[in-house]
Amino acid sequence: MKANHPAKGNRIVVLNRWSDGFAAYQRYIDHAANKIAYVCTPNSVAALDTSRVAHVEQLSDILDEEALHAAVRACSSALGGIDRLVALSEFDLIAAARLRNSFNIPGDLPETVVRFRNTAVTKNTIAAAGLRVPRFAALEDLAVAKAATTTVMRFPIIVKPRSGTANIGSRRIETRPEFDALWPTLPLAEYVCEEYIDGPVYHVDGFLLNGTLVIARASRYINTYVQFAQGKPLGSVMLDPGPLNEALTAFSGKCLRALDFRNGPFHLEIIRGCDGLYFLEVGARVGEGEIPFLFHDLYGVDLFALWAAQQSGDKARLATQLQAALDASASSARGGFLMLPEPVGKVFVDAKLLREIPALYEAVFPKPHHFFDGTGGYATLLARFRYRAASEHEIATAIHTTLDNFQYTLAETAARPFTAEPAAPMVHAGRHSPPLLPC
Numbered sequence: 001m002k003a004n005h006p007a008k009g010n011r012i013v014v015l016n017r018w019s020d021g022f023a024a025y026q027r028y029i030d031h032a033a034n035k036i037a038y039v040c041t042p043n044s045v046a047a048l049d050t051s052r053v054a055h056v057e058q059l060s061d062i063l064d065e066e067a068l069h070a071a072v073r074a075c076s077s078a079l080g081g082i083d084r085l086v087a088l089s090e091f092d093l094i095a096a097a098r099l100r101n102s103f104n105i106p107g108d109l110p111e112t113v114v115r116f117r118n119t120a121v122t123k124n125t126i127a128a129a130g131l132r133v134p135r136f137a138a139l140e141d142l143a144v145a146k147a148a149t150t151t152v153m154r155f156p157i158i159v160k161p162r163s164g165t166a167n168i169g170s171r172r173i174e175t176r177p178e179f180d181a182l183w184p185t186l187p188l189a190e191y192v193c194e195e196y197i198d199g200p201v202y203h204v205d206g207f208l209l210n211g212t213l214v215i216a217r218a219s220r221y222i223n224t225y226v227q228f229a230q231g232k233p234l235g236s237v238m239l240d241p242g243p244l245n246e247a248l249t250a251f252s253g254k255c256l257r258a259l260d261f262r263n264g265p266f267h268l269e270i271i272r273g274c275d276g277l278y279f280l281e282v283g284a285r286v287g288e289g290e291i292p293f294l295f296h297d298l299y300g301v302d303l304f305a306l307w308a309a310q311q312s313g314d315k316a317r318l319a320t321q322l323q324a325a326l327d328a329s330a331s332s333a334r335g336g337f338l339m340l341p342e343p344v345g346k347v348f349v350d351a352k353l354l355r356e357i358p359a360l361y362e363a364v365f366p367k368p369h370h371f372f373d374g375t376g377g378y379a380t381l382l383a384r385f386r387y388r389a390a391s392e393h394e395i396a397t398a399i400h401t402t403l404d405n406f407q408y409t410l411a412e413t414a415a416r417p418f419t420a421e422p423a424a425p426m427v428h429a430g431r432h433s434p435p436l437l438p439c
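In the numbering used here, the protein residues as written are 1 to 439.
Here it is in structure tokens:
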């Protein structure tokens with residue numbers, strides 16, 4: 001599809017896999033001042049405002065890199081070259097880096113991105129800087145890995161993909177027999193295992209420019225993404241100012257410097273063990289789920305707008321966005337979120353809270369009759385809640401009050417007798433914060 005409009009600004013290619021409000025790139029990129037082409041899936045192209053788009057290429061699978069390179073070549077021909085490439089999904093960061101390398105486009109290149117997308121490379125780099133990481137082993141070396149799980153590591157252990165997003169595919173293995181049963185089912189070259197560190201898990205989210213923190217917030221998880229994948233709620237509470245907050249932010253800065261990451265958004269996860277802070281995971285991207293909404297709603301900071309301005313080379317927009325983030329960095333407002341996983345195989349009927357919760361400012365439920373098929377991602381969870389208040393304690397209390405007072409009704413699929421299950425309070429099966437082990 002072509003609708004060429006002359007522009008004096010940059011020639012920009014956007015990789016878009018989103019089919020919702022995140023695809024409104026006109027909020028982030030001046031389509032009148034620049035010449036824009038998109039590479040999309042058939043679903044995501046429908047979400048675009050194409051009135052000022054110079055060219056669109058559709059791919060059934062953006063992860064097909066051969067087809068993706070051909071599509072970007074077509075975009076280059078339509079634009080008369082490419083000055084910038086914008087990719088805001090973590091799933092596309094490696095492909096975007098390779099495209100920049102192939103087409104000589106400024107921005108993050110493969111040697112930068114691999115430090116964030118390959119667990120083994122990431123942890124080796126962090127450990128080499130003298131920072132704590134859980135002991136780990138690559139499964140492709142079967143002899144070393146199996147020895148490590150018995151002589152170096154103690155069960156439970158965590159098995160996770162070498163390259164993954166948002167801890168997708170991670171699982172906790174409790175015993176050696178369970179590990180032995182899992183072993184033959186895994187593509188060994190694609191997985192690592194690491195020791196389980198007992199302690200509360202935190203995440204730090206923010207934006208860097210030239211190696212300096214523009215804005216950052218440290219938060220404590222209620223449960224973990226591994227538990228979320230097992231059907232438990234996942235919550236997060238921004239920490240009050242204080243020594244722990246400062247320590248987490250400083251540790252994050254050390255990790256990012258070790259990875260030579262200087263520009264862009266980040267989401268970094270940390271475990272507090274009995275002997276100190278341990279690096280867990282990092283993404284050179286905007287945090288997922290409710291995190292970008294909280295930054296926008298609490299502080300007026302759009303992390304995606306910052307990232308798009310940086311990637312697209314729009315210095316004026318970047319300067320404006322950076323100043324807003326700097327101004328907001330001193331805000332005392334605190335927030336948090338709660339997400340309830342999909343009850344896969346069920347149909348959503350309705351949901352409600354039994355009482356008003358002052359700190360709760362947004363609750364998102366699926367549409368009636370929505371079928372939970374397990375493929376909807378964050379957009380179609382059972383429920384999503386966002387909170388804001390003046391303190392960490394108020395947010396944590398609000399989250400647990402929500403769990404105690406949330407009722408929902410589900411039904412069987414249409415293929416079965418359509419009888420609604422009785423509404424019942426959602427019981428929080430996790431723990432507020434794992435207690436520290438005595439050292």
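All C-beta atoms in this analysis are idealised placements derived from N, C-alpha and C, irrespective of residue type, glycine included.
Just so it is clear, the structure is predicted and the values come from calculations on it, not from any experiment.
- Nearest to P241 by alpha-carbon distance, out of H393, P233, H69 and V39, is H393.
- If you look at F155, you'll find it isn't in any beta strand (DSSP E); DSSP assigns it neither H nor E.
- Secondary structure note for H203: it is in no alpha helix (DSSP H), and the uninterrupted beta strand (DSSP E) holding it is V201 to L209.
- Here Q323 is exposed: its Cβ has fewer than 16 other Cβ atoms, across all protein chains shown, within 10 Å.
- For S170, the CB contacts under 8 Å within the same chain, skipping 5 residues up- and downstream, are I158, V159, K160, P161, G164, Y225, V226 and A229 in chain order.
- If you look at Y299, you'll find it in the alpha helix (DSSP H) that goes I291 to Y299.
- Contact annotation, V364 with A411: C-beta distance approximately 20 Å; criterion of less than 8 Å not satisfied.
- Counting C-beta atoms within 10 angstroms of its own C-beta, R262 has fewer than 16 neighbours from the protein chains shown and is therefore classed as exposed.
- V347: member of the beta strand (DSSP E) spanning V347 to L353, first to last residue.
- Rounded to the nearest whole angstrom, the CA to CA distance from A95 to F293 is 26 Å.
- A straight-line Cα-Cα distance of about 41 Å links D275 and L63.
- If you look at T212, you'll find it in the beta strand (DSSP E) that goes T212 to I222.
- In this structure, the alpha-carbon of R117 lies about 13 Å from that of R98.
- Distance from the CA atom of D314 to the CA atom of N210, rounded to whole angstroms, is 16 Å.
- Within the same chain, and ignoring the five residues on either side of V301 in sequence, the residues whose Cβ sits closer than 7 Å to its Cβ are I215, F295, A324, A325 and A328.
- Distances from the CA of T50 to each of D61, A32, E66 and A67 were compared; the closest alpha carbon is that of A32.
- Close CB contacts of H55 within its chain, under the 6 Å cut and outside five residues either way in sequence, are with K2, A37, C75 and A78 (chain order).
- In the structure shown, A128 adopts helical secondary structure according to DSSP, grouped into three states.
- Here the alpha carbon of S89 sits roughly 23 Å from the alpha carbon of F372.
- About 36 Å separates the beta carbon of I197 from that of V86, a gap too long to meet the 8 Å contact definition.
- For V13, the uninterrupted beta strand (DSSP E) segment begins and ends at R11 to N16.
- Between F385 and L354, the beta carbon gap of about 14 Å keeps them out of contact (Cβ cut-off 8 Å).
- With at least 16 other beta carbons inside 10 angstroms of its own, R334 counts as buried.
- Judged by DSSP in its simplified three-state form, V53 adopts coil rather than helix or strand.
- Remark: fewer than three beta-carbon pairs, one from each stretch, lie closer than 8 Å, so the segment 246-264 and the segment 186-196 are not flagged as touching.
- Under the three-state reduction of DSSP output, Q230 falls in the coil class, being neither helix nor strand.
- Membership of Q26 in any beta strand (DSSP E) is not indicated, and neither H nor E is assigned to it by DSSP.
- Look at F371 here: in three-state DSSP terms it is strand.
- Per DSSP, reduced to three states, the secondary structure at F365 is coil, with no helix or strand assignment.
- Counting only residues of its own chain and dropping the five nearest sequence neighbours on each side, H400 has no CB closer than 6 Å to any other CB.
- Taking each of Y387, A383, D205 and A258 in turn and checking the Cα distance to F406, the smallest one comes out for A383.
- About 6 Å separates the Cβ atoms of V282 and T122, confirming a contact at the 8 Å cut-off.
- DSSP places P265 inside the beta strand (DSSP E), whose first and last residues are G264 to G273.
- F304 counts as buried, since no fewer than 16 other beta carbons sit within 10 angstroms of its beta carbon.
- Residue environment: G377 is assigned as exposed (fewer than 16 neighbouring CB atoms within 10 Å of its CB, all protein chains considered).
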